[in-house]
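Protein chains in written order, with my numbering: chain G, 3 to 226; chain C, 182 to 465; chain W, 72 to 358. Below: the structure, in structure tokens.
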Amino acid sequence: MDDFASLFDEFDVLGAFWVNIQLTFFAAIFALVLGTVLAVMRISPVPSLRWAGTTYVTLLRNTPLTVIIVFCVLGLWGQLGITLSSDFQRNFFWLSVLGLTVYHAAFVCEALRSGVNTVPVGQAEAARAIGLGFGDSARLVILPQAFRGAVAPLGNVLIALTKNSTVAAAGSVAETSGLLKQMIEFRPDLMVAIFLVFAFGFVLIVVPIGLATTSLSRRLAVAR
Amino acid sequence: MRTRIMATALTLAGALTLAACSSDSDTSDDATGGSSGDSGGGTIRIGIKFDQPGLGFKDGDTYTGFDVDVAKYVADKLGYAEDDIEFVESPSAQRETMLQNKQVDMIFATYSITDARKEVVSFAGPYFVAGQDLLVAVDDDTITGPEDLDGKNLCSVTGSTSAQRIKDEHAAGTNLLEQPGYSECVTALTAGTVDAVTTDDIILAGLAAIPANEGKVKVVGNPFSEENYGVGLPKDTDKCQAVTDAIKAMIEDGSWQKALDDNVSTSGYKPNADLNPPEPAACA
Amino acid sequence: MSGSVLFDAPGPRARRRMVWVNVGATLVVAGIGFYALVLLNRKGQLDADLWSPLFTANAWENFFLPGLRQTLVAAGLSIVTAGVFGLVFGLGRLSASRTVRALSGGVVEFFRAVPVLIMMVFFYMAIPRLDIVSPKDLPLVAVVLGLTLYNGSVFAELVRSGVHGLPRGQREAALAIGLRRSQSLRLVEVPQAIIAMLPAIASQLVVILKDTALGAIITYPELLAAARRFGSGNGNILQALVVAAVVFIVINWLLTRLAEALAGRVGRRTAGKTRVEAPSLAVTARD
Numbered sequence: 003m004d005d006f007a008s009l010f011d012e013f014d015v016l017g018a019f020w021v022n023i024q025l026t027f028f029a030a031i032f033a034l035v036l037g038t039v040l041a042v043m044r045i046s047p048v049p050s051l052r053w054a055g056t057t058y059v060t061l062l063r064n065t066p067l068t069v070i071i072v073f074c075v076l077g078l079w080g081q082l083g084i085t086l087s088s089d090f091q092r093n094f095f096w097l098s099v100l101g102l103t104v105y106h107a108a109f110v111c112e113a114l115r116s117g118v119n120t121v122p123v124g125q126a127e128a129a130r131a132i133g134l135g136f137g138d139s140a141r142l143v144i145l146p147q148a149f150r151g152a153v154a155p156l157g158n159v160l161i162a163l164t165k166n167s168t169v170a171a172a173g174s175v176a177e178t179s180g181l182l183k184q185m186i187e188f189r190p191d192l193m194v195a196i197f198l199v200f201a202f203g204f205v206l207i208v209v210p211i212g213l214a215t216t217s218l219s220r221r222l223a224v225a226r
Numbered sequence: 182m183r184t185r186i187m188a189t190a191l192t193l194a195g196a197l198t199l200a201a202c203s204s205d206s207d208t209s210d211d212a213t214g215g216s217s218g219d220s221g222g223g224t225i226r227i228g229i230k231f232d233q234p235g236l237g238f239k240d241g242d243t244y245t246g247f248d249v250d251v252a253k254y255v256a257d258k259l260g261y262a263e264d265d266i267e268f269v270e271s272p273s274a275q276r277e278t279m280l281q282n283k284q285v286d287m288i289f290a291t292y293s294i295t296d297a298r299k300e301v302v303s304f305a306g307p308y309f310v311a312g313q314d315l316l317v318a319v320d321d322d323t324i325t326g327p328e329d330l331d332g333k334n335l336c337s338v339t340g341s342t343s344a345q346r347i348k349d350e351h352a353a354g355t356n357l358l359e360q361p362g363y364s365e366c367v368t369a370l371t372a373g374t375v376d377a378v379t380t381d382d383i384i385l386a387g388l389a390a391i392p393a394n395e396g397k398v399k400v401v402g403n404p405f406s407e408e409n410y411g412v413g414l415p416k417d418t419d420k421c422q423a424v425t426d427a428i429k430a431m432i433e434d435g436s437w438q439k440a441l442d443d444n445v446s447t448s449g450y451k452p453n454a455d456l457n458p459p460e461p462a463a464c465a
Numbered sequence: 072m073s074g075s076v077l078f079d080a081p082g083p084r085a086r087r088r089m090v091w092v093n094v095g096a097t098l099v100v101a102g103i104g105f106y107a108l109v110l111l112n113r114k115g116q117l118d119a120d121l122w123s124p125l126f127t128a129n130a131w132e133n134f135f136l137p138g139l140r141q142t143l144v145a146a147g148l149s150i151v152t153a154g155v156f157g158l159v160f161g162l163g164r165l166s167a168s169r170t171v172r173a174l175s176g177g178v179v180e181f182f183r184a185v186p187v188l189i190m191m192v193f194f195y196m197a198i199p200r201l202d203i204v205s206p207k208d209l210p211l212v213a214v215v216l217g218l219t220l221y222n223g224s225v226f227a228e229l230v231r232s233g234v235h236g237l238p239r240g241q242r243e244a245a246l247a248i249g250l251r252r253s254q255s256l257r258l259v260e261v262p263q264a265i266i267a268m269l270p271a272i273a274s275q276l277v278v279i280l281k282d283t284a285l286g287a288i289i290t291y292p293e294l295l296a297a298a299r300r301f302g303s304g305n306g307n308i309l310q311a312l313v314v315a316a317v318v319f320i321v322i323n324w325l326l327t328r329l330a331e332a333l334a335g336r337v338g339r340r341t342a343g344k345t346r347v348e349a350p351s352l353a354v355t356a357r358d
């Protein structure tokens, strides 16, 4: 038990989880924005926009996330010299946020599309009947209802994003999975304890998100 | 009826999970591994790296590298022909587990002998003394040691000790890039976005010896740590002495030098001559 | 609801405007792409000697194809076992017994929350102590177990929400013709729920396939690990990863198309709303 406690003294476990939460926070916001844009593209009147949205989703959703993150760091920064922050370490944080964003935006887009599917045709017809164009009917009628219908799938994306933030280790961000490796390197004798700490850390973060989004989806569901 | 079956299934699943947990907490001594029973006859399972050119690399069905050559030599002395060896991948994070679980009989995988590790596994050797060093662009003469790294960009592998050591002991102002593998680091080095890659010198030499990297990178040759590469063995092993004798024989009959020359010397790398070839420690 | 009710068919002027915007956007995108290629070329990343090793027999016979095979084996096994797990625990969550419901709920919530990678590593360490799996099969078993528990939990949720999404009349009719509640679940509701949930299940299959890549950390020799290894030995890791990514995209795309075609064929056989893409659509783990 002393050994167990010493793990927390020796290694900044909480700090590492905090980095994951930050990654998740920023990537979630940006992915929501980008995903919404993509979803609007996919239901828009312009064929080329629909095509671009579909292509984006097909490409990004089907690529392993590790590869995307590595490309962000070694490709965008390593080869093309793109920096998102003047601070050396902060730059990798934002590049990883970028990688997480572009990957999960594809999933947000699909979640929103499924939300759009829950909106009855009559709503769109009514919107057009009162003279709203595409932009207005999407903004004022369809999307607000779609978001409420998509809370559960969006919650799932958020859960996935939380766990996926551990991939940022591939992008040189000092977060939990990197710390996990480091702890095993130094304390191979406590391996099982180390794993339990990380498993329960994630349960503690993820289960509340799951419960919150489930209850939110019930509260927000559009009664039909 | 259906609910009862389901309840039974759930209980069973729960029991299995519990069994997995509880058996995990006892020591490995009582694990009667099916794999360990057959050592001595038949085949031997040896853990190596699969992805470290010059040390342990799997190319189709052939295995190359310095670690592989040492492993083959030692296995031969223990009475296993080359065909009896089954090479198993042992990435850094899994080495202790693999030995404790008797998934492998021995490990030759750039495995440094440390006190923490000795708590859970045994070592024979060292069979090589590596030292932490730097890999830099071939035309870069500004970096000759870790002190020159202040303000420079340095790449190493995630969770490894070597990069942290530079920040702690040599140059606090170093910018650190952590990557999943050394090859990624070399890519960043050849692109010019990092100034140096750090880890054990022999690993760097292996990377520098890849044809694609030839003439692009070089090992600085100023090692600033001592990593004693040992042969990882299960804690309760009886093979330590035999392995130690085999290593001594390999150094004496020149095969050791030849293995080094064949695998890592093409880049002009010379191991630290003060410490190599090492004198294997006595077995406990 | 289809997109087309959202807007009028564009008239001649709108169409002309679209053409101009399209041309402009294409030029911008192509320009950025071209500039990126120029920069990459300047860094030597487009050199033939970095790319040509990837198109040799050695690369495919010894690295990519064996890796792909291992990926497909692990994914195939996991899909079957996760399906069974999902069915069992999905039914468990719908059970009449409160205990079974609570237990199933606990199992599903727990395994959905733990990162797959951590589960894989845990099984990789724990299973050998039970001495029931040969060391050779251990990585595969640990990968399949990790994928099964996580994706099985997701499937269980799909079964549950699918059944809840069915019209009440289905159950009422089943009970009315004298089926017991469990029979109604098994014979009437769950089959329809699964068909209704096919689009979401299809997305999850892609997740399983990609998540096999996590097995690399416990020495499972799948496609991404093979690509990495090839890139390490040949000094072209970025290029090797590009090839691996393309293979993943193609395989996943084929899998999605297959599942969509299947969903289209059997979609009529449910009273549930197949067009509603289901809740867990996008659940994914690392990679």
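Quick reminder that beta carbons are idealized off the backbone N, C-alpha and C, glycines included.
Listed by chain order, chain G residues near residue i by CB distance under 8 Å
| i | result |
| --- | --- |
| W:V318 | Within chain G, no residue comes near W:V318; the closest Cβ sits about 10 Å away, beyond 8 Å. |
7 Å Cβ cut-off: residues of chain W touching residue i
| i | result |
| --- | --- |
| C:A372 | K114 |
| C:D232 | R299, R300 and S303 |
| C:E270 | T290 |
| G:M193 | M196 |
| C:T368 | I308 and L309 |
Coil, strand or helix - residue i by DSSP
| i | result |
| --- | --- |
| C:C336 | strand |
| W:R251 | coil |
| C:T208 | Because C:T208 sits at a pLDDT of 37, beneath the cut-off of 50, its placement in the model cannot be relied upon, and the following sentence gives the value as read from the coordinates. Three-state DSSP puts C:T208 in coil, outside helix and strand. |
| C:I288 | strand |
| C:G237 | strand |
| C:Y450 | coil |
| C:N282 | coil |
| C:I225 | strand |
| G:L51 | helix |
| G:G133 | coil |
| C:Y363 | helix |
| C:I294 | coil |
| C:V269 | strand |
| C:L388 | helix |
| C:E328 | helix |
| W:Y291 | coil |
| W:Q241 | helix |
| W:S205 | coil |
| G:P190 | helix |
Chain-order list of residues whose beta-carbon lies under 6 Å from that of residue i (same chain, five-residue window excluded)
| i | result |
| --- | --- |
| G:V227 | Since the first and last residues shown for chain G are 3 and 226, residue 227 of chain G lies out of range. |
| C:T245 | F238 |
| G:A172 | T68, I71 and V72 |
Chain-ordered chain G contacts of residue i [CB-CB under 9 Å]
| i | result |
| --- | --- |
| C:T380 | Within 9 Å Cβ-Cβ: nothing; C:T380 doesn't reach chain G, min ~13 Å. |
| C:E365 | V72, V75, L76, G80 and A172 |
| W:L220 | Neighbours of W:L220 on chain G: none; closest Cβ ~12 Å, over 9 Å. |
Chain W contact residues for residue i, given Cβ-Cβ distances below 9 Å
| i | result |
| --- | --- |
| C:G241 | N129, E132, N133, F134 and P137 |
| C:G237 | Residues of chain W passing the Cβ test: none, with the nearest at roughly 11 Å. |
Under 8 Å by beta carbon: chain C residues contacting residue i
| i | result |
| --- | --- |
| W:D120 | A393 |
Cβ shell of residue i (< 8 Å), same chain only, five flanking positions each side left out
| i | result |
| --- | --- |
| C:G396 | V319 |
| C:D265 | G223, T224, I225 and A256 |
Any C-beta of chain D under 8 Å from that of residue i
| i | result |
| --- | --- |
| W:T290 | Judged by its chain identifiers, the structure shown contains no chain D, and its protein chains are G, C and W. |
Under 7 Å from the C-beta of residue i: neighbouring residues of chain C
| i | result |
| --- | --- |
| G:D138 | Within 7 Å Cβ-Cβ: nothing; G:D138 doesn't reach chain C, min ~47 Å. |
| G:I186 | A274 |
| G:R92 | Under the 7 Å cutoff, chain C gives no residues; its nearest Cβ is about 11 Å from G:R92. |
Close-in-space but distant-in-sequence residues of the same chain around residue i (CB under 7 Å, 5 per side omitted)
| i | result |
| --- | --- |
| G:T103 | A29, F32, A33 and L36 |
Listed in chain order, which residues of the region 309-320 of chain C have Cβ atoms closer than 9 Å to some Cβ of chain G? Residues passing the 9 Å Cβ filter: none.
- [ ] Return the residues of the region 276-287 of chain C that lie within a Cβ-Cβ distance of less than 9 Å from chain W, sorted by chain order.
- [x] Considering only beta carbons, the part of the region 276-287 of chain C lying closer than 9 Å to chain W consists of T278, M279, Q281, N282, K283, Q284 and V285, in chain order.
Practice task
Identify each residue in the region 342-357 of chain C for which the Cβ-Cβ distance to at least one residue of chain G is less than 7 Å, and report them in chain order.
Solution key: If you check each beta-carbon in the region 342-357 of chain C against every beta-carbon of chain G, the ones closer than 7 Å belong to T342 and N356.
Exercise for the section: Pull out every residue of the region 198-213 of chain G whose Cβ sits closer than 7 Å to any Cβ of chain W, in chain order. Expected result: Flagged, chain order: F200, A201, F204, V205, V208, V209 and G212.
Give me the subset of the region 4-35 of chain G whose CB atoms are less than 7 Å from a CB atom of chain W, sorted by chain position.
Taking 7 Å as the Cβ-Cβ cut-off against chain W, none of the residues of the region 4-35 of chain G qualify.
Checklist entry - Quick one, which residues of the region 202-217 of chain W are near chain G if we go by CB-CB under 9 Å, in chain order? => result Interface annotation for the region 202-217 of chain W against chain G: empty, criterion Cβ-Cβ distance under 9 Å.
Positions along the region 180-193 of chain W whose CB lies within less than 9 Å of some CB in chain G: Correct list: E180, F181, R183, A184, V185, P186, V187, L188, I189, M190, V192 and F193.
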